[in-house]
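Participant: Below is one structure. I have some questions about it.
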Amino acid sequence: MQKSSKNSIKKYTNWEEVFASAKPMEFKAFNTGRITGKVKIYADTKSFPKNVDRNTVLDHDIVAFSFKHPDRADILIDCGFSSKRKLLYL
Numbered sequence: 005m006q007k008s009s010k011n012s013i014k015k016y017t018n019w020e021e022v023f024a025s026a027k028p029m030e031f032k033a034f035n036t037g038r039i040t041g042k043v044k045i046y047a048d049t050k051s052f053p054k055n056v057d058r059n060t061v062l063d064h065d066i067v068a069f070s071f072k073h074p075d076r077a078d079i080l081i082d083c084g085f086s087s088k089r090k091l092l093y094l
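See below:
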C-alpha cells in the first residue's frame with residue numbers, strides 16, 4: 005500500500021489491502037415514508053421469477069441510509085422517489 009502526498013489518501017493495490025485497513029462505520033436507516041404502486045414502475049422486473057405478476061401493487065416503506073465513515077465523509081443514500089412523479093402512486 006502506498007500513500008499519496010495529496011491529503012495522505014492511501015492508494016491500494018489489491019482488495020486484501022482494502023479489507024485489512026477497513027474500519028467499522030456507523031450505519032443508520034431512516035423510514036422516510038410509504039409508497040404504493042405497481043412493482044414494474046420502480047423495480048427491475050427482468051430479475052423477477054416468471055410467476056410474479058409485474059402489475060402487482062405493493063405498499064411498503066421508503067428507506068434512506070446514512071453511513072458515517074470515521075476518516076472520510078458522511079454518506080446518505082436516498083431512494084430518490086419524488087411525490088411529483090404521479091406514476092409511482094395510485
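Heads up, this note's numbering is the position in the sequence shown plus 4, with the first residue counted as 1.
Ideal placement from N, C-alpha and C gives every residue a C-beta, glycine not left out.
Note that the structure is a prediction, hence the values are computed from the model and not measured.
#1: From what residue to what residue does the beta strand (DSSP E) around residue 47 run?
#2: May I have the straight-line CA-CA distance separating residue 45 from residue 66, to the nearest angstrom?
#3: Straight-line CA distance for residue 13 to residue 75?
#4: Can you tell me whether residue 41 is buried or exposed, with buried defined as 16 or more other CB within 10 angstroms of its CB?
#5: Alpha carbons only, please: which of 79, 83, 77, 60 is nearest the one belonging to residue 68?
#6: DSSP three-state call for residue 24: helix, strand or coil?
#7: Please state whether DSSP places residue 61 in a helix, a strand or coil.
#8: Thinking C-alpha only, which one of 30, 22, 20, 63 is nearest residue 38?
#9: Do residue 43 and residue 36 have their C-beta atoms within less than 8 angstroms of each other?
Facilitator: The short version:
#1: Here residue 47 belongs to no beta strand (DSSP E), and DSSP marks it neither H nor E.
#2: Straight-line Cα distance between these residues: approximately 15 angstroms.
#3: Taking C-alpha positions only, residue 13 is separated from residue 75 by approximately 10 angstroms.
#4: It counts as buried.
#5: Among 79, 83, 77, 60, the Cα nearest to that of residue 68 belongs to 83.
#6: Helix.
#7: In the three-state DSSP reduction, residue 61 falls in the strand class (E or B).
#8: Of the candidates 30, 22, 20, 63, 63 places its Cα closest to the Cα of residue 38.
#9: no
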